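Heads up: the sequence shown runs through residues 1 to 59, numbered per UniProt numbering. Structure, as structure tokens:
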Amino acid sequence: MEILLFGLMIFIICITASYVTAWLINRFSKNEYRFNFKFAVTNALFFTIAYLFIMYFMN
């Protein structure tokens, strides 16, 4: 149960970092380098699952 709660915290941190990164890329780049916000969610989900697998197998 605690690994799911920890995973939720990691997901929130990852999605926040992804959205901030996407906002910064969109703010300071030219129009041809626009970052899609859907990829930020996919990125956060992938890194959360990868981190949980690493934490699960390191125990």
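Cβ coordinates follow ideal geometry from the N, Cα and C atoms, glycine included. Since the model is a prediction, treat every value here as computed from it, not as a measurement.
Across the set Lys30, Phe37 and Thr42, the C-alpha of Phe37 shows the shortest separation from the C-alpha of Val20.
Contact between Ile3 and Met55 holds: their C-beta atoms lie close to 7 Å from each other, under 8 Å.
Ranking Phe53, Asn43, Ile25 and Phe6 by CA distance to the CA of Cys14 puts Asn43 first. Within a 10 Å sphere around the beta-carbon of Thr16 sit fewer than 16 other beta-carbons, which makes this residue exposed. Assignment of Ser18 by DSSP, reduced to helix, strand and coil, places it in the helix class.
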